[in-house]
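Inspection log for the structure reproduced underneath, given as structure tokens.
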Amino acid sequence: MKMDNKPKAGEFYVISSDVRGGGPGHGVVFENEKGLRPAGQGIIRPRDGGFPPLGETPRLLYDKRQGRMPEDLQGGFSGYWLTSEPLKQLLESVDPDGFAFVPCEFVLEDGSQGPPYFLCDVVRTLDALDEAASTVKILTEGYSAGKHYSMAGGASLSFFKDVIGSAHVFRTPYNSRLVICDRVLRDALLDGGFGKAPNSRGVWLEDAAKY
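With numbering that gives the first Met the number 0, the residue at position 159 of the sequence shown is 158, and numbering never jumps.
Structure below.
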């Protein structure tokens, strides 16, 4: 008898950087980003994820004229998240094999050292989406992986739990920007003060069953 694997609210979540606030954004300049890119790439992050060999420490400069200080989770850093030390510690405590981090040099306007920040990547990829049980737009034209899961217009996602196993966070091979976490990591984030209204600290969580 085939088991019903329809999407269930409260099981899995899409985790991303919270961009709802609008305004000028953060005031961080990634000073040596171009020099850290592998030859022929437009960003540092390789197609398969992780970190390439880096010849020097990523250097970030804060300019308050450009915007505010970064959140604990900030997207858009050459394919990576930028994470604070408190968030890094929480993520590593829940799923140390799911994340990779590279420390940054973070310099304030007066030339002094700022608080610790890290480039962060979700380095586990699982082909775990149950396409038959999910409602998701699947594009097939022009994608090197053969298809692409598009979240445009919303989606309702279901996953094969035997494929996920004990993992608490993962990407799908068919949309590298789509990061999924389970209830364990979601609850740990909320308990740590991340992802809560009115101050999300840069962490945005949405139920994958009704994205």
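C-beta atoms are modelled at their ideal positions from N, C-alpha and C, and glycine is treated no differently.
In three-state DSSP terms, what is residue i?
| i | result |
| --- | --- |
| GLU212 | Any question about residue 212 goes unanswered here, given that the chain covers just 0 to 210. |
| GLU251 | Here the chain covers residues 0 to 210 and nothing more, so residue 251 does not appear. |
| ALA99 | strand |
Smallest Cα separation from residue i: which of the options?
| i | options | result |
| --- | --- | --- |
| ARG64 | ASP47, PRO95, GLY26 and VAL93 | GLY26 |
| ILE43 | ASP129, ASP17 and SER77 | SER77 |
| GLU130 | ARG170, PHE159 and GLY97 | PHE159 |
| LEU72 | PRO85, ARG170 and GLY97 | PRO85 |
| GLY75 | ALA208, PRO95, PHE117 and ALA127 | PHE117 |
| GLY24 | ILE163, GLU70, VAL135 and SER143 | GLU70 |
| LEU89 | GLY191, ASP161 and TYR173 | GLY191 |
| LEU101 | PHE50, SER155, GLY141 and SER199 | Correcting the residue type first, residue 101 is Val in the shown sequence and not Leu. If we check each option's Cα against that of VAL101, PHE50 comes out closest. |
If you measure between the beta carbons of residue i and residue j, is that distance less than 8 Å?
| i | j | result |
| --- | --- | --- |
| SER16 | GLY152 | no |
| ASP120 | TYR148 | no |
| ALA166 | ASP94 | yes |
| TYR210 | LEU156 | yes |
| TYR61 | VAL106 | yes |
Check whether the Cβ of residue i lies closer than 7 Å to any heavy atom of the ligand SAH, and answer yes or no.
| i | result |
| --- | --- |
| PRO69 | Among the components modelled here there is no ligand, and therefore nothing to report on the ligand SAH. |
Rounded to the nearest angstrom, how far is the Cβ of residue i from that of residue j, given a contact under 8 Å?
| i | j | result |
| --- | --- | --- |
| ALA132 | PRO6 | 7 Å |
| GLU30 | ARG58 | 5 Å |
| PHE212 | ILE137 | This structure cannot speak to residue 212, because the chain is shown only from 0 to 210. |
Q | Contiguous beta strand (DSSP E) assignments of at least 3 residues, all confined to the region 144–194 | A | Fully enclosed beta strand (DSSP E) runs of 3 or longer: 147–149, 168–171 and 174–181.
Q) Which runs of the alpha helix (DSSP H), 4 residues or longer, sit entirely within the region 0–63? A) If only complete runs of 4 or more residues are kept, the region 0–63 shows the alpha helix (DSSP H) at 32–35, in order along the chain.
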